[in-house]
Structure formats: structure tokens, C-alpha cells
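**Student:** These protein sequence lines are chains A and B, in that order. With the first letter of the first sequence counted as 1, position 151 gets the number 151 in the UniProt record's numbering; the numbers rise by one all the way through. With the first letter of the second sequence counted as 1, position 184 gets the number 184 in the UniProt record's numbering; the numbers rise by one all the way through. Beta carbons are placed, not taken as given, at the ideal position from N, Cα and C, and that holds for glycine. Dropping the structure in here first, questions after.
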Amino acid sequence: MTGLNPANEQRSPGTAASALAIELVGINKHFGPVHANRDIHLAIKRGTVHGIVGENGAGKSTLMSILYGFYTADSGTIMVDGVEHKITDSRHALALGIGMVHQHFMLVDNFTVLENVVLGAEDSALLRPTLNRARDHLKQLARDYGLEIDPDAVVENLSVGQQQRVEILKALYRGAETLILDEPTGVLTPAEADHLFRILGKLRAEGKTIILITHKLREIMAITDEVSVMRQGEMVATLATAQTSPEQLAELMVGRRVLLRVEKGAATPGAVLLEVENLVVTDDFGVPRVKSVNFQVRSGEIVGIAGVAGNGQSELLEAIAGMRDQQSGEVRVKGKALSLEGDDGAARARAAGLAHVPEDRLRMGLVTNFSAWENTILGYQDQYGAGPGLDIAKARASASEYMKKFDVRPANLDLKTSNFSGGNQQKLVLAREMERDPDVLIVGQPTRGVDIGAIEFIHNQIIKMRDAGKAILLVSVELDEIRSLSDRILVIFDGQIVGEADPATADETELGLRMTGSHKDHVVTEPGTLPEHETPIQQTLVQMSPKDNSGRDTN
Amino acid sequence: MEQLLVDITLILDSTVRLAVPLILASLAGLYSERSGIVDIGLEGKLLAAAFAAAAMSAVTGSAWLGLLAGIGAALMFSGIHGLASINFKGNQTISGVALNFLAAGLTTFLGQSWFKRGGYTPQLSGDQRFNPINLPFAEQLRDVPVIGQIYGELISGHNIITYFAFVAVPATAWVLFRTRFGLRLRAVGENPKAIDTAGISVTRLRYQALIITAVLVGIGGAYLSIAQSAGFNNNMSAGRGYIALAALIFAKWRPGPALLVCLMFGFLDAVQFRIQGQVFPIIGEVPVQAIQALPYILTVVLLAGFIGRAVAPKAAGVPYTKER
């Protein structure tokens with residue numbers, strides 16, 4: 001029960017010289033009929049950052065769960081520091097120095113940081129001595145790796161980025177030498193992601209091995225030394241990051257050529273279709289989140305709203321879509337003011353020709369327990385059948401048509417929506433909203449948690465809507481996406497539009513500065529960024545790129 | 001003046017007696033629910049334990065063996081609950097309600113077929129019961145004003161289970177907040193995944209919690225039949241398991257407040273006995289049923305309006321499955 005910390009007893013000192021921290025040989029894993037991992041071979045060098053990329057469902061997380069002892073492989077061997085181990089549970093993996101930071105944090109929300117860190121690795125039956133020792137240890141780790149955090153803070157009061165730091169501390173406290181991070185930046189703001197990468201850089205410099213699972217190629221290029229690509233349960237390739245390109249990786253992931261840049265013609269803006277005037281919106285606690293915003297969207301153009309998450313974008317979208325009451329101001333569609341007060345605001349917005357693809361498809365866009373066809377008519381159900389009855393045949397017919405048109409796979413009308421992949425769920429929502437031929441389309445985070453192949457498709461659909469003369473308002477926290485899709489960029493900071501830019505000429509650094517409110521005389525330091533870097537992501541990513549890290553021995 | 005003090009002491013004394021089974025059942029529920037298992041079956045466990053204790057004590061003549069039998073019965077019920085809700089991932093509320101029905105039917109049936117007294121067990125006396133313990137100096141201090149009254153009546157003269165119940169409260173607080181086991185117990189009820197990824201068995205931890213639950217509620221049941229009363233009678237738990245659960249919710253799953261709430265319920269019960277049959281000005285004589293309903297009415301009122309939001313352990317009621 002005790003002695004996990006520091007967990008060195010199972011690691012023999014003689015093998016420490018092995019150049020490979022982890023080696024997986026011939027790993028196979030089935031879940032029922034699904035062959036999730038197919039004869040996987042993977043070698044990870046000590047002291048490197050090793051990226052693993054692949055689409056959702058490619059088997060990355062399964063493979064890492066096997067390494068971490070959460071699942072047991074059907075066959076194959078795991079070598080840690082050159083010695084074969086049968087890793088039967090997470091405790092065993094931890095004892096071998098393998099720590100994991102899960103995509104969804106494994107923290108107890110109402111515990112303090114300290115309690116979360118020691119949970120499961122307490123070195124005595126009484127808490128107090130354990131906590132006192134851990135407090136000192138934590139201070140030291142914080143100093144060494146820039147993981148500053150108040151040990152007595154309650155986890156639920158911390159930001160997502162800070163919670164992730166707690167997860168990393170948990171692993172380090174247990175003596176992890178190899179750290180697995182599963183999609184670590186998916187939930188982070190750019191500033192937090194920036195901070196995370198700096199921490200990973202420090203960990204690598206201290207000789208730790210890091211396995212980074214992600215589908216963001218930009219992160220792979222910026223921080224990894226080597227990258228392995230998985231596709232449909234198989235390991236397709238392992239490459240040195242310096243000798244590959246995002247295009248090559250994308251092609252390996254999807255199995256065909258993928259255009260990473262969106263191809264679109266020039267916009268031909270027409271009449272103003274959506275107007276927002278002096279809009280003020282408060283959040284659930286009455287705090288103003290959108291502060292007197294004005295803008296217009298014309299037919300045939302895509303207006304992108306760029307900003308760090310939490311600067312009022314969500315409230316803005318929800319207010320325009322009629323999901324949130326507006327405090328003051330006006331929203332006009334085709335010149336007619338929308339009255340959006342009350343519980344049926346969203347229905348009235350839809351009736352006025354405004355369609356909404358919400359930011360969080362699982363919370364607002366879909367009922368995941370419903371089958372596919374049911375979800376394709378949600379919000380438009382009154383168009384099917386008269387009176388209280390539902391014309392199911394008609395609904396199924398149109399659902400089937402949409403699914404074919406948007407290439408939703410599997411094309412099964414009766415499959416529960418939760419069983420579709422993220423990309424296919426998003427396609428269902430897009431199909432539902434786009435196929436009603438709205439005049440104005442507002443889209444939030446269209447490709448969050450969506451595979452590369454599906455991203456390309458979704459982007460093309462949005463461009464198609466623009467070319468058909470619709471007005472499109474796009475909100476995304478992915479600056480790349482905003483830049484490649486938009487015809488005009490509005491930068492939002494602290495609930496206000498602080499600038500407009502032309503995507504063709506906009507300078508990324510300047511956009512980033514505006515997004516963090518630190519442009520020119522308007523300096524606000526974002527909590528979570530270290531003081532020496534109040535710069536946007538890009539700059540630091542370049543600094544941390546292995547190619548520029550000439551002083552460091554990558555082996 | 002003197003009489004008032006005597007009256008108050010007597011009411012407080014019966015408050016303590018009436019609160020004991022509630023305190024034990026509340027603490028039992030606390031362990032179970034803190035580990036993430038809703039235990040609506042407390043009522044059934046209390047009843048089964050009361051029956052087993054009385055039956056064993058009647059047959060063997062030993063209150064201690066009766067106590068063990070009570071704990072054993074509660075363990076068996078907890079085992080079924082655990083099997084259904086931990087291993088087979090069934091609905092915890094349904095499994096608990098089923099146990100309540102089982103206990104009600106089984107105690108009556110077994111009681112009738114073993115003792116043939118319409119479900120009652122034989123009257124217990126002497127060593128078949130837990131008798132009052134007189135603390136040292138209780139007799140000598142009896143004549144000292146106030147202190148003698150309080151020490152002699154209120155503090156001294158209870159049976160061993162009563163003292164155990166009052167020690168169990170701080171002990172539970174200590175286990176919960178000061179020990180490794182307590183930390184893990186609280187964690188498994190909030191986020192079992194955190195426990196699983198830390199390499200600790202969720203199943204084992206929850207069974208451990210259920211065992212403690214069974215021991216406490218078993219003692220509580222034994223108290224009903226072989227300490228407070230002198231034998232088992234039909235449905236003698238009379239909803240105390242549910243009241244204990246309500247107390248737990250009032251107390252927001254914390255041992256100290258749970259003690260206070262249980263004492264309050266005990267007090268209401270004690271007052272209820274006292275004012276039965278008394279004639280009040282204007283109202284006249286209040287029907288017995290109305291007075292008996294008082295604690296329950298208060299429960300509803302308090303639960304509905306007074307205590308505000310009671311946040312249960314987040315994973316309570318949710319069977320733990322490793323998902324893909």
C-alpha cells in the first residue's frame with residue numbers, strides 16, 4: 001500500500017542507460033468486434049517529446065491506456081527502460097514511473113490541490129504527515145518546473161489550465177519519468193496552452209520523457225522531437241519532426257491528400273443581413289459579458305470573431321440566437337428587429353431566417369440519446385406533420401437526404417447520436433441548420449473536436465453557404481480557422497470589439513496582442529501567463545521548436 | 001424551579017435515548033453515501049438487525065451475541081446491496097427499497113414461525129439486554145444541586161451502545177478527515193475515476209464502506225430491540241432509517257451536524273411523548289396522531305425550505321464502470 005513515492009523500487013538502476021524509455025512491441029487490443037489496436041510497435045527515446053497523432057478513434061487513447069495500465073492488451077509486450085513488464089493496473093504503471101494526464105481531468109473537485117496530489121500515494125495511514133511532506137515536495141516541483149499553484153486552493157475554483165497543472169503535479173509527485181498527455185490543449189486558452197508548452201520544455205530539459213497525444217499538427221510541429229502517426233488502429237509511421245511537414249502528417253493520418261488551407265474565392269458582399277447594435281448581454285450571474293457591441297454582416301461574406309475563450313463570444317452568440325436575454329441594444333435580421341426576450345426567443349430567431357450552430361454541440365446542439373433522424377428535425381419539428389402528430393416518414397426521408405449530402409457516417413438513421421464520432425455529430429448539426437436555407441448563419445466552434453478530414457468538409461460547406469449569398473458569423477477560438485475562413489475579422493476582448501482586420505494582411509502577432517488586450521497602451525496581463533511572455537502563442541511556439549533548440553541534445 | 005429542572009433533564013434524557021438509533025443509522029449512511037452508494041435500505045437493515053439481535057439474545061441469553069447477530073444480519077443485507085449495486089451496477093435506490101420490503105416481510109415471517117407470538121420475540125430481561133451503566137460517583141453526586149441532576153440522570157445511567165454512539169461521531173469525523181482511508185472514501189464518492197486512475201480499487205473501497213455501514217446500522221438495530229426495548233416487535237424501526245437519511249441530508253453528509261440533527265429529531269420525539277394527552281389553552285387536547293406526526297412534518301418543512309441546497313457526494317447513486 002505504501003512506498004509509491006518516490007516510486008523507484010521497481011526500476012533497477014542498471015538499466016537506466018537504455019536509450020529507450022518505453023518500447024511497445026506487437027500490441028493488440030479488441031473491444032468486442034472493434035480492433036482498436038492492431039500490432040502496434042512504438043519506441044520512445046528518453047528525454048524527448050514524442051507526439052502521437054491520429055484522427056478520433058484511431059486508437060491513440062486506447063494505446064496509451066494500455067501503457068498506463070487502465071486496459072490490458074490482448075497480446076504484445078511493454079518494455080520500460082529496456083525491461084519487459086506486464087502492466088496490470090495504473091498503480092503498477094505509476095510505480096514504473098509512467099504518469100498520465102487525462103483529457104478529462106481525474107480530479108476530485110471539492111478537494112484541495114494538496115489532497116488531490118496525494119490521493120492514492122499517501123505514505124502513511126494518517127493524513128497530516130503525508131500532507132506536510134507533500135507540501136514541501138510540491139514547493140520544490142513548483143520551483144523546478146514553473147508549476148506554481150496554491151496547494152490549499154480547492155480544485156473547483158481553479159481555471160482549467162491550473163487544474164491541468166495539478167494533474168501534471170500529481171504525476172510528478174508519484175515520481176513519473178515518462179509523462180503521457182492526452183489532448184492537453186483541447187480545453188485550454190491559447191495563453192494557457194502557451195504556458196503548458198513552456199512547462200513541457202522544462203520537463204524535457206530535466207530529462208523527462210513526454211508522450212503528447214494530439215490532433216493539432218501545429219503543436220506537433222512546434223514542440224515534438226519525433227512523431228508517430230496512427231490510423232484506424234494501426235501505427236502508420238514514425239518520423240523525426242524536423243523532417244516532416246503538416247501536409248505529410250495530415251496525409252498519413254487521413255490516408256489521402258488533405259488541403260490544410262481553405263481554398264476560396266474573393267467575397268462579394270451584398271446587402272446587410274445581420275445587424276447588431278449596442279448589444280449588451282449579461283451572464284447567468286448578472287455580470288455584463290458583452291458590452292455594447294456593434295457590427296454588421298452582409299450577404300456573401302463570412303465575418304469571424306477572434307478572441308481568447310471567455311471574452312464574451314459565447315454570450316454574444318447565445319444572445320443573437322435567442323437563447324439568452326439581451327440587456328439592451330438591438331439585433332436586426334434583414335432590417336427587421338428581432339424580439340428575442342422570453343423562452344421562445346430561439347424559435348422566433350429561426351422563424352426570422354437565422355440558423356444557429358451552437359458552440360457546444362453536446363450541450364446545446366444535440367440530444368445525444370436521440371437517434372440521428374430525431375436530431376435532424378430538432379427545432380424544426382413543427383414542419384413535419386400537422387397538429388400534434390409527427391410525420392415520421394417525411395422526417396426520416398429528409399434526414400436520410402441530409403445525411404447523404406453531408407456524408408454522415410455511418411448513414412444509419414436509427415443510430416443513437418452519441419455513437420457517432422465528433423465530426424459526424426457536427427455534420428448532423430450543420431446539415432440540420434444549413435439545409436433550412438437560412439439567410440443568416442451563426443456558427444460557433446465549427447470544428448472543435450472534429451477530425452482533419454471532416455474539418456475540410458465542414459469548411460467547404462461554410463464557404464458554399466457564403467457563395468450562395470448568405471451572411472455568416474463565425475466564432476472560433478482557433479485563430480487559424482478564423483483567418484482561413486473569414487473575409488473580415490473582428491477581434492473581441494472583454495466583451496468589446498477592439499479591432500477589425502483583413503485576414504489576408506493581418507499580422508498574427510498583432511491579432512494576438514489585440515486578443516489579449518495588450519495592444520499598445522491597453523495592457524492587461526492575463527493570469528496564467530508568465531510575466532516574461534505576455535506575447536501570443538506563435539512566438540513561444542517558435543522559440544520552443546526543436547529546430548531552434550540547437551543547444552540541446554535531442555537524444 | 002426544582003421541578004422545571006427535573007422536567008428538562010427528563011426530556012433531555014429521553015432525547016438522548018431516542019436519538020441513539022438515529023445517530024448510528026446516520027453515521028452508517030454517511031459511510032455508504034460518502035463512498036458513492038445511496039443507502040435507502042438503512043431502514044431495512046435497522047429492522048433486520050433489531051430482529052436478529054432480539055432473536056439471538058432470546059435463544060442464547062447473551063446480549064453480546066445478540067449484538068453480533070444484529071451486525072451479522074446488517075452485513076448480509078449490505079452484502080446483497082453491494083452485489084446488486086457495485087458488482088452488477090444496478091440501481092441503488094431500487095436495490096435499497098427491495099431490501100426494506102425483504103426485511104419487513106422476513107422479520108415478521110421468521111418471528112412468527114420461530115416464536116409463535118404474532119411476530120414478537122419473547123420478552124428479554126437481565127443479561128439478555130444491555131442494561132444501564134452507572135458512572136462512578138453518580139450516587140454520591142445525586143444530592144449536589146443541578147450538577148448532580150445532570151450528571152446522574154443525563155450523563156450517567158445509559159447503556160453501553162449509547163456511549164458508543166456518542167464516541168462514534170468524533171471517531172467518524174476523525175476517520176473521514178484525518179486518515180488516508182477517509183480521503184479515499186470521500187474521493188470515491190466524488191469522482192471514482194480519480195481513485196481508479198490512482199491505482200486503487202473502487203470496488204474494494206466501496207465494499208469497505210458498506211461493511212462499516214453494516215456494523216454501525218447493525219449496532220443501531222440491536223439498540224432498538226435489546227437495549228431500548230426488551231424484545232422485537234413488528235416494524236419496530238418505524239421509519240427511523242429514513243429519518244436518519246433525512247438527518248444526513250440536513251447535515252450535508254458531515255458527522256458533527258448529523259449528531260445535532262439527530263438530537264433535534266430525538267428531542268421532538270421526546271417532547272411528543274410528553275405533551276400527549278395534555279390540554280392546551282384554546283386548542284384543547286391535541287390528537288395523538290397530530291403530535292406523533294410532528295417530527296415528520298418538521299422534516300418536510302426543513303428539507304423543503306430551511307437548509308438550502310444540500311450537495312450530495314457527486315458520484316452517489318452512479319455505479320462505476322470503466323468506459324471505453
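Can you find the residues in the same chain that come closer than 6 angstroms, C-beta to C-beta, to residue 561 of chain A, ignoring five residues on each side of it along the sequence?
**Tutor:** What the structure shows of chain A is the stretch from 1 to 555, and residue 561 of chain A is not part of that stretch, so it cannot be assessed.
**Student:** Looking at C-beta atoms only, is the number of pairs between the segment 2 to 19 of chain B and the segment 261 to 271 of chain B that lie closer than 8 angstroms three or more?
**Tutor:** These segments touch.
**Student:** Look up Pro6 of chain A in the DSSP assignment and say whether it is helix, strand or coil.
**Tutor:** Numbered from its first residue, the first sequence carries residue 6 of chain A at position 6. The pLDDT assigned to Pro6 of chain A is 42, lower than 50, so where the model puts this residue is not dependable, and the model offers no usable value.
**Student:** Going along chain B, which residues have a C-beta under 7 angstroms from Leu127 of chain A?
**Tutor:** Locating residue 127 of chain A in the first sequence gives position 127, counting from the first residue. In chain order: Arg178, Thr179, Arg180, Leu183.
**Student:** In whole angstroms, give me the CA-to-CA distance for Thr525 of chain A and Thr516 of chain A.
**Tutor:** Taking the first sequence and counting its residues from 1, one reaches residue 525 of chain A at position 525. Taking the first sequence and counting its residues from 1, one reaches residue 516 of chain A at position 516. Legend: pLDDT at Thr525 of chain A = 39, less than 50; position of this residue unreliable, value from coordinates given subsequently. Rounded to whole angstroms, Thr525 of chain A to Thr516 of chain A spans 8 angstroms at the Cα level.
**Student:** Of all the alpha helix (DSSP H) runs that stay within the bounds of the segment 489 to 519 of chain A, which reach a length of 4 or more residues?
**Tutor:** Fully enclosed alpha helix (DSSP H) runs of 4 or longer: 508 to 515.
**Student:** Run through chain B and tell me which residues come within less than 9 angstroms of Ala171 of chain A, C-beta to C-beta.
**Tutor:** The sequence position of residue 171 of chain A within the first sequence is 171, counting from 1. Those within 9 angstroms of Ala171 of chain A in chain B number zero; the least Cβ separation is about 10 angstroms.
**Student:** Bridge partners of Arg332 of chain A, per DSSP?
**Tutor:** Here residue 332 of chain A is taken as the residue at index 332 of the first sequence, counted from 1. Note: Arg332 of chain A sits in a beta bridge opposite A:Glu275, A:Ala337.
**Student:** I want to see whether chain A comes within less than 8 angstroms of Asn191 of chain B, judged by CB atoms only; does it?
**Tutor:** Looking up residue 191 of chain B in the second sequence gives position 191. At least one chain A Cβ lies under 8 angstroms of Asn191 of chain B.
**Student:** So what's His215 of chain A in DSSP terms, helix, strand or just coil?
**Tutor:** Walking along the first sequence from the start, residue 215 of chain A turns up at place 215. Correct three-state label for His215 of chain A: coil.
**Student:** Which residues in the same chain have their Cβ closer than 7 angstroms to the Cβ of Leu273 of chain A, if we skip the five residues on either side of it in sequence?
**Tutor:** Residue 273 of chain A sits at position 273 when you count from the first residue of the first sequence. Counting only Cβ-Cβ distances below 7 angstroms, and skipping sequence neighbours, we find Val297, Arg298, Ser299, Val333, Lys334, Asp439, Val440, Ala471.
**Student:** Taking the beta carbon of Lys322 of chain B as the centre, do at least 16 other beta carbons fall within 10 Å, making it buried, or is it exposed?
**Tutor:** Start at 1 with the first residue of the second sequence, and residue 322 of chain B comes out as number 322. Counting Cβ neighbours within 10 Å, Lys322 of chain B comes out exposed, since fewer than 16 surround it.
**Student:** By Cβ distance below 8 angstroms, which residues in the same chain neighbour Phe111 of chain A in space, the five residues on each side in sequence not counted?
**Tutor:** For the purposes of this step, residue 111 of chain A is taken as the residue at position 111 of the first sequence. Closer than 8 angstroms at Cβ, skipping near neighbours: Leu119, Val154, Val155.
**Student:** Going by DSSP in three states, Ser371 of chain A sits in which element: helix, strand or coil?
**Tutor:** Along the first sequence, one-based indexing puts residue 371 of chain A at 371. It is a strand residue.
**Student:** If Glu500 of chain A sits next to Ile482 of chain A, beta carbons under 8 angstroms apart, how far is it from one beta carbon to the other, in whole angstroms?
**Tutor:** In the first sequence, residue 500 of chain A corresponds to position 500, counting from 1. In the first sequence, residue 482 of chain A corresponds to position 482, counting from 1. Not really, about 12 angstroms apart at Cβ, beyond 8 angstroms.
**Student:** Just the C-alpha distance for Val288 of chain B and Tyr296 of chain B, rounded to the nearest angstrom, thanks.
**Tutor:** Along the second sequence, one-based indexing puts residue 288 of chain B at 288. Along the second sequence, one-based indexing puts residue 296 of chain B at 296. Spanning the two alpha carbons is a distance of roughly 14 angstroms.
**Student:** Counting C-beta neighbours from all protein chains within 10 Å, is the total for Ala258 of chain B 16 or more, i.e. buried, or is it exposed?
**Tutor:** In the second sequence, residue 258 of chain B corresponds to position 258, counting from 1. Result: buried.
**Student:** Between the C-alpha atoms of Ala98 of chain B and Phe265 of chain B, what's the straight-line distance to the nearest angstrom?
**Tutor:** On the second sequence, position 98 is the one that residue 98 of chain B refers to. On the second sequence, position 265 is the one that residue 265 of chain B refers to. Each residue's alpha carbon lies about 26 angstroms from the other.
**Student:** Helix, strand or coil for Ser75 of chain A? Go by DSSP, reduced to three states.
**Tutor:** Here residue 75 of chain A is taken as the residue at index 75 of the first sequence, counted from 1. Strand at Ser75 of chain A.
**Student:** For the segment 69 to 89 of chain A, enumerate the residues whose C-beta is nearer than 9 angstroms to any C-beta of chain B, in chain order.
**Tutor:** Cβ contacts with chain B: Gly69, Phe70, Tyr71, Asp89.
**Student:** Sort B:Ala244, B:Gly41, B:Ile249, B:Ser32 by Cα distance to Ala304 of chain B and report the nearest one.
**Tutor:** Stepping through the second sequence from its first residue, residue 304 of chain B is reached at position 304. Comparing Cα-Cα distances from Ala304 of chain B to each of B:Ala244, B:Gly41, B:Ile249, B:Ser32, the minimum goes to B:Ile249.
**Student:** In whole angstroms, what is the alpha-carbon distance linking Val59 of chain B and Arg128 of chain A?
**Tutor:** As a working mapping, residue 59 of chain B is identified with position 59 in the second sequence. As a working mapping, residue 128 of chain A is identified with position 128 in the first sequence. Taking the straight line from one Cα to the other gives about 47 angstroms.
**Student:** Could you tell me whether the segment 304 to 311 of chain A touches the segment 247 to 263 of chain A, where touching means 3 or more Cβ pairs closer than 8 angstroms?
**Tutor:** No, the segment 304 to 311 of chain A does not touch the segment 247 to 263 of chain A.
**Student:** Could you give the distance in angstroms between the alpha-carbon of Leu354 of chain A and the alpha-carbon of Ala411 of chain A?
**Tutor:** Along the first sequence, read from residue 1 onward, the residue named residue 354 of chain A stands at position 354. Along the first sequence, read from residue 1 onward, the residue named residue 411 of chain A stands at position 411. So the two alpha carbons sit approximately 27 angstroms from each other.
**Student:** For the segment 107 to 131 of chain A, list every residue whose C-beta sits within 8 angstroms of some C-beta in chain B, in sequence order.
**Tutor:** Here the close residues are Leu107, Val108, Asp109, Asn110, Phe111, Glu115, Asn116, Val118, Leu119, Gly120, Ala121, Glu122, Ser124, Ala125, Leu126, Leu127, Arg128, Thr130.
**Student:** Quick one: which residues of the segment 204 to 231 of chain A get their C-beta closer than 9 angstroms to a C-beta of chain B? List them in chain order.
**Tutor:** Residues passing the 9 angstroms Cβ filter: none.
**Student:** Using the beta-carbon count (16 or more within 10 Å), is Gln123 of chain B buried or exposed?
**Tutor:** Counting from one through the second sequence, the residue named residue 123 of chain B turns up at place 123. That one is exposed.
**Student:** Closer than 9 angstroms by beta-carbon distance: list the chain B residues that pair up with Leu91 of chain A, in chain order.
**Tutor:** For the purposes of this step, residue 91 of chain A is taken as the residue at position 91 of the first sequence. According to the sequence provided, residue 91 of chain A is Arg. The question's Leu does not apply to it. Result: Ala198, Gly199, Ile200.
**Student:** Please go through the same chain and pick out, in chain order, the residues whose beta-carbon is closer than 6 angstroms to the beta-carbon of Gly469 of chain A, but skip the five residues on each side of it.
**Tutor:** Walking along the first sequence from the start, residue 469 of chain A turns up at place 469. If we look at Gly469 of chain A and ignore the five residues flanking it on each side, its Cβ neighbours are Ser299, Gly300.
**Student:** Taking contact to mean at least 3 C-beta pairs separated by less than 8 angstroms, is the segment 231 to 251 of chain A in contact with the segment 171 to 186 of chain A?
**Tutor:** The segment 231 to 251 of chain A, when compared against the segment 171 to 186 of chain A, does not touch it at the 8 angstroms Cβ threshold.
**Student:** Is Ile195 of chain B close to chain A, meaning its C-beta is less than 8 angstroms from at least one C-beta of that chain?
**Tutor:** For this step, residue 195 of chain B is matched to residue 195 along the second sequence. Chain A contact via Cβ: present.
**Student:** For Asp150 of chain A and Val113 of chain A, what's the separation of their Cα atoms in angstroms?
**Tutor:** By one-based count along the first sequence, residue 150 of chain A stands at place 150. By one-based count along the first sequence, residue 113 of chain A stands at place 113. Near 7 angstroms, if we compare the C-alpha coordinates of Val113 of chain A and Asp150 of chain A.
**Student:** Closer than 8 angstroms, CB to CB, is His459 of chain A near chain D or not?
**Tutor:** Here the protein chains are A and B, and chain D is not one of them.
**Student:** Which same chain residues end up closer than 6 angstroms to Gly14 of chain A when comparing Cβ atoms and leaving out the 5 residues on each side of it in sequence?
**Tutor:** As a first step, residue 14 of chain A is located in the first sequence; it is residue number 14 there, counting from the start. Any answer about Gly14 of chain A is weak, because its pLDDT of 40 lies below 50 and its placement is not dependable; what the coordinates show is given next. If we look at Gly14 of chain A and ignore the five residues flanking it on each side, it has no Cβ neighbours.
**Student:** Quick one: is Ala244 of chain B near chain A, going by C-beta distance under 8 angstroms?
**Tutor:** Against the second sequence, residue 244 of chain B aligns to sequence position 244. No, Ala244 of chain B lies away from the interface with chain A (no Cβ there is under 8 angstroms from its Cβ).
**Student:** Sort A:Asp451, A:Val475, A:Pro446 by Cα distance to Gln461 of chain A and report the nearest one.
**Tutor:** Stepping through the first sequence from its first residue, residue 461 of chain A is reached at position 461. For the residues A:Asp451, A:Val475, A:Pro446, the minimum Cα distance to Gln461 of chain A belongs to A:Pro446.
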